[in-house]
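Single-structure report; data block below.
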Amino acid sequence: MTSDATHEEAVSLLQELGLKEYEAECFVGLSRMSSGTAKGLSEVTEVPRTRVYDAVRILEAKGLVEVQHSSPQQFRAVPLSEATETLRDQYEERIERLQSALSEMGRIEADNDEAELQEVWSLSGSDAIENRAAAISADATDEVVLVIGSEAVLTEPLIKQLNSLDPNADLIVGTGSASIRDRVEQEIPRATAFLSELDWLHSEMIPEEDAAVGRLLLVDRSTMLVSSINPQTGDEQAIFATGLRNGLIVIARRLLSQGVVEMTPLEQG
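Read in order, the letters of the sequence shown are residues 52 to 320 in the numbering used here.
Put into structure tokens, the structure is as follows:
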């Protein structure tokens, strides 16, 4: 089997999408060939010839491979555009089925009486963090304050989501970078953009080995998400807290009030 990194990545991604190892190997092998027999495909992929037939049969059932019933049989991968759409449809169908199954299950209440509004939770991964940030921002009725510490978090989905917020909610976006502020002003015209006075947002003030601030989001002064980004790996981690009197949120309001400078009465409440 080829040691090419791109080949290995493709096989790995196909396995993440639900294919078994031999199925992924055979599909990647066929995608690099105009067509092939079981013998030829086995030589390219090092999948045992007897297992090639099983893998191709499954790939054919999934709509990813075509079979010519000649002697010997010929196999070929469907065009890449069709294969990716088929995989996308199958993946989305599984997600919809999962969502339906989970939503139909009854809830099991925790054996404690603590108010949910005073809890703090951790969250990992940029996609998950961006989804959580979007969800809590969408619920805003009064004010959304977002402080951006890294341009990596200013993604197209975030820009689109901020532009679609309830027009009755104030949107304030701060950063320690003039270039990020300029992007916000150009791409999120409804936002009030400002350069923050908070020293810990300025990259030159942060040691290279320390995690950088990714985003700090405060919604309606009662829901907060703050993330950091590992400078070596780019991984993002966050904490999420709710509750007007939650200690972390009280601290966040006071820190932000120093950086916003008279643009919004964050220090109140």
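Ideal placement from N, C-alpha and C gives every residue a C-beta, glycine not left out.
Taking the alpha helix (DSSP H) that residue i belongs to, which residues open and close that run?
| i | result |
| --- | --- |
| residue 91 | 89 to 96 |
| residue 242 | From DSSP, residue 242 is part of no alpha helix (DSSP H); its letter is neither H nor E. |
| residue 79 | 72 to 82 |
| residue 62 | 56 to 67 |
| residue 207 | 207 to 214 |
| residue 111 | 100 to 112 |
For residue i, report the span of its beta strand (DSSP E) as first-last.
| i | result |
| --- | --- |
| residue 278 | 274 to 280 |
| residue 173 | 171 to 175 |
| residue 226 | 221 to 226 |
Quick one: residues in its chain with C-beta nearer than 8 Å to the C-beta of residue i, no 5 flanking neighbours on either side, listed in chain order?
| i | result |
| --- | --- |
| residue 229 | 246 |
| residue 118 | 107, 111, 124, 125, 126 |
| residue 142 | 68, 69 |
If we call anything under 9 Å between Cβ atoms a contact, is residue i one with residue j?
| i | j | result |
| --- | --- | --- |
| residue 171 | residue 280 | no |
| residue 194 | residue 223 | yes |
| residue 61 | residue 79 | yes |
| residue 127 | residue 68 | no |
| residue 89 | residue 123 | yes |
| residue 103 | residue 114 | no |
| residue 95 | residue 83 | yes |
| residue 270 | residue 198 | no |
| residue 181 | residue 208 | yes |
| residue 220 | residue 242 | no |
| residue 205 | residue 187 | no |
| residue 275 | residue 263 | no |
| residue 189 | residue 216 | yes |
From the DSSP output, which residues share a beta bridge with residue i?
| i | result |
| --- | --- |
| residue 127 | 117 |
| residue 263 | 280 |
| residue 290 | 173, 277 |
| residue 194 | 221 |
| residue 199 | 226, 266 |
| residue 246 | 226 |
With a threshold of 6 Å on Cβ separation, who are the neighbours of residue i within its own chain once the five nearest residues in sequence on each side are excluded?
| i | result |
| --- | --- |
| residue 106 | 73, 74, 77 |
| residue 176 | none |
| residue 101 | none |
Could you pull out every residue in the same chain whose Cβ sits closer than 7 Å to the Cβ of residue i, ignoring the five residues on either side in sequence?
| i | result |
| --- | --- |
| residue 316 | Any answer about residue 316 is weak, because its pLDDT of 44 lies below 50 and its placement is not dependable; what the coordinates show is given next. Once the five neighbours on either side are set aside, residue 316 has no close Cβ partner at all. |
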